[in-house]
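Read through the structure below, which is laid out as C-alpha cells, and then see the notes.
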Amino acid sequence: MKVFKTIIVLLTLLNATFASAQGFFKNIPRDYDFIQYDKNKLVFPGDTGTMRYFYDKLDSIVLCREGKVNILHIGGSHVQADVFSNRIRRNLDSLNLDFKSSRGLVFPFKIAGTNNPPNYNVTYTGKWTSSRILKRHDNIELGLMGIAVQPNSPDATMKINLNRDATSRWECTDLKLIGYSDSAYSYPVIINPVDSSKIYSIYNVLDDVYEFSFDTPIDSFTIAFEQTDSVFHPFTLSGILAENNSNGITYNSVGINGASVMSWLKCEKFQKELPLVLPDLVIFGIGINDAVPKNFSGAKFLDNYSKLIEKIQEISPNCAFIFITNNDSYRRSKGQYSVNTNGQIVEEVFFELAKKYNGAVWDQFAIMGGLKSMKQWENAGLARKDKIHFTPNGYILLGDLFYNALIQSYLNYK
C-alpha cells in the first residue's frame, strides 16, 4: 500500500505544472560535512495518530484534488523574519498545483516599528500606537499574532501588497480584519483603488472580525479607519487574514521577536482568534528565548508548553503537532561568547512533549551538528555573528530540510 501510494503521489505531482519543478523533494546538495543529513527526518516518540489524520487531509489535496489544509507555525524571531517559514510555505505550495490557496495571516509589523517579513510590502500614513508580546501597551489586548496597532490620527492608513516580488501568486477575494473598538463609531474601511470610494465591511461581533468581500481577486489593499463621532475612539487591529475560496494548503506563521512560550500564554485573545485559522497542524518553533537564562527549568518549560498545547486542543481537537528543537546557540557576555547548553535540555523536553501529545520532533539541534555547531554554520555563511540567528541562505536551507523531512514522513505513513 505504501509503495502504491508513493507511486501515485509522485505521478500526480509530476503532471501539469509540477513537471517543470525540480522534483517532489527539494534538491539539497550535501556541501557541508558538519550537517547530519541522515538525521533529517520526523521522529515519533509515541503514537502517530494525529499526524495520520493530517496526512489523510493532504491525500485529499494531492490525490483527490479537493479539500483544505491549515498549518500554523508559531515561534519567535526566526518566524517573524519569515524567511525560514516562507520557504516552507512556498515549498508546500508546490503541492497545490493549480490551486491558488489563501495567503493567510499577515500583519503590518513596520507600523509597530519592528521588522516586516520581506515577502509582502507595507506602507502607512499617520500616527500609530503599537503593542506586542515584549512591549505591552496598557489596555491593548493581544491575540493569535502577539501584536496589535492602533491608529492615533484621522489620516492613519496602511497599504499592504501581498506580492512584494511582483508576482501574482497571492490574491484574496475575502479579507478579514481582526480587531475591536470600544465604540461603534470607529471601524475600518477599504479604500477602492479605482475611485477612492470606501468599501464597508460586515462586522462579525462574535469573532471581532470585519469581513470584506471582493468580486475579483486582489493582491493589494488600503485600509483606513472611519471615525463618525466628534470624540476620537481608538480601533485595535490585531491581525489580517487574506483568504479565498480555493482548495489547497494554507501556511500561517505567527512569530514575535523575543517571544517565549509564556509570552503566547499571556495573549488574552489567543484562543478566541485561533478558530479563524483552525489548524490541522501546528509547528512549534518556540524555545530559543525560553532557554537563554542560566537557571532555565526544563520542567517549567514542559509545563508551559503543555498549557499552550491544551489551549490549542480545546479549539482544534484533531490538530497534529511538530516540535522543532532549538538551534545550537551562544550567549554573549562582556564581549565574549559561550555555548548555551540549554539547547540539549529543550531537545529532551520536546521528545517528552511529542510522546505525551502524539506529535513529531524535527530535531534541528541534532541535524545542525549538535553542541557548538553554530560556529560551523557561521563560518560557512549560514549563521549570523550573534550565533543565534541565521543568514537568509541558512534559513532557506533549513526550510528545505524541514520540507523534505515532512514529505518523506508523509510518503512513509500507513
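So the number in this note's numbering is just where the residue sits in the sequence shown, counting from 1, plus 1277.
Every residue, glycine too, gets a C-beta built ideally from N, C-alpha and C.
Remember, predicted model here, so these are calculated numbers, not experimental data.
Alpha carbon to alpha carbon, how far is residue j from residue i? Give it in angstroms, no decimals.
{"i": "Lys1537", "j": "Ile1565", "result": "In the sequence as presented, Lys is not what sits at residue 1537; that position holds Ser. Approximately 8 Å, taken between the alpha carbons."}
{"i": "Asp1580", "j": "Arg1661", "result": "31 Å"}
{"i": "Ser1530", "j": "Phe1561", "result": "10 Å"}
{"i": "Ile1589", "j": "Arg1441", "result": "32 Å"}
{"i": "Asn1524", "j": "Tyr1607", "result": "43 Å"}
{"i": "Thr1505", "j": "Glu1545", "result": "28 Å"}
{"i": "Pro1395", "j": "Leu1382", "result": "14 Å"}
{"i": "Lys1377", "j": "Tyr1487", "result": "23 Å"}
{"i": "Met1422", "j": "Pro1465", "result": "19 Å"}
{"i": "Ile1305", "j": "Ala1682", "result": "12 Å"}
{"i": "Val1360", "j": "Lys1345", "result": "24 Å"}
{"i": "Gly1620", "j": "Thr1325", "result": "25 Å"}
{"i": "Val1616", "j": "Leu1553", "result": "40 Å"}
{"i": "Ile1338", "j": "Pro1556", "result": "16 Å"}
{"i": "Ala1298", "j": "Leu1374", "result": "Reliability fails at Ala1298, whose pLDDT of 36 lies under 50, so the model's placement of it is uncertain and the value that follows must be treated cautiously. Computed Cα separation, rounded: 11 Å."}
{"i": "Val1508", "j": "Asp1459", "result": "12 Å"}
{"i": "Asn1416", "j": "Gln1357", "result": "24 Å"}
Answer yes or no: do residue i and residue j have a C-beta to C-beta separation smaller than 8 Å?
{"i": "Ile1365", "j": "Gly1676", "result": "yes"}
{"i": "Phe1301", "j": "Ile1684", "result": "yes"}
{"i": "Ile1517", "j": "Ile1437", "result": "yes"}
{"i": "Arg1664", "j": "Tyr1582", "result": "Correcting the residue type first, residue 1664 is Lys in the shown sequence and not Arg. In this structure, Tyr1582 does not lie closer than 8 Å to Lys1664 by Cβ."}
{"i": "Ile1673", "j": "Ile1526", "result": "no"}
{"i": "Lys1404", "j": "Ala1433", "result": "yes"}
{"i": "Ile1424", "j": "Ile1533", "result": "yes"}
{"i": "Phe1667", "j": "Leu1659", "result": "yes"}
{"i": "Lys1316", "j": "Ala1643", "result": "yes"}
{"i": "Pro1385", "j": "Phe1512", "result": "no"}
{"i": "Tyr1687", "j": "Lys1303", "result": "no"}
Residue i by DSSP, collapsed to three states: which one?
{"i": "Phe1295", "result": "Per-residue confidence for Phe1295 stands at a pLDDT of 41, beneath the threshold of 50, marking its modelled position as unreliable; no derived number is given."}
{"i": "Pro1465", "result": "strand"}
{"i": "Met1422", "result": "coil"}
{"i": "Leu1688", "result": "helix"}
{"i": "Leu1551", "result": "helix"}
{"i": "Ala1631", "result": "helix"}
{"i": "Ile1388", "result": "helix"}
{"i": "Lys1436", "result": "strand"}
{"i": "Phe1302", "result": "coil"}
{"i": "Ser1530", "result": "strand"}
{"i": "Gly1516", "result": "strand"}
{"i": "Gly1676", "result": "helix"}
{"i": "Leu1335", "result": "helix"}
{"i": "Leu1648", "result": "coil"}
{"i": "Ile1622", "result": "helix"}
{"i": "Leu1340", "result": "coil"}
{"i": "Pro1669", "result": "helix"}
Counting along the chain, where does the beta strand (DSSP E) carrying residue i start and finish?
{"i": "Leu1452", "result": "1449 to 1458"}
{"i": "Gln1313", "result": "That residue, Gln1313, is in no beta strand (DSSP E); it is neither H nor E in DSSP."}
{"i": "Gly1562", "result": "1558 to 1562"}
{"i": "Lys1584", "result": "Run containing Lys1584: none in the beta strand (DSSP E); it sits in the alpha helix (DSSP H), 1575 to 1592."}
{"i": "Lys1377", "result": "It is not in any beta strand (DSSP E) - Lys1377 carries neither H nor E in the DSSP assignment."}
{"i": "Asn1481", "result": "1479 to 1481"}
{"i": "Ser1490", "result": "1486 to 1495"}
{"i": "Gly1658", "result": "Where Gly1658 is concerned, there is no enclosing beta strand (DSSP E), given that its DSSP letter is neither H nor E."}
{"i": "His1350", "result": "1345 to 1352"}
{"i": "Arg1608", "result": "1607 to 1610"}
{"i": "Val1399", "result": "1398 to 1402"}
{"i": "Thr1406", "result": "1405 to 1409"}
{"i": "Ile1601", "result": "1597 to 1601"}
So, is residue i buried or exposed, given that buried needs 16 or more other C-beta atoms within 10 angstroms?
{"i": "Glu1520", "result": "buried"}
{"i": "Ala1597", "result": "buried"}
{"i": "Val1471", "result": "exposed"}
{"i": "Asp1550", "result": "According to the sequence shown, residue 1550 is Glu rather than Asp. Glu1550 should be labelled buried."}
{"i": "Tyr1314", "result": "exposed"}
{"i": "Ala1576", "result": "exposed"}
{"i": "Glu1624", "result": "buried"}
{"i": "Asn1368", "result": "buried"}
{"i": "Arg1380", "result": "buried"}
Looking at the secondary structure, which residues open and close the alpha helix (DSSP H) in which residue i lies?
{"i": "Ala1643", "result": "1641 to 1645"}
{"i": "Arg1264", "result": "The question about residue 1264 has no answer, for the chain in this structure spans 1278 to 1691."}
{"i": "Val1538", "result": "1538 to 1542"}
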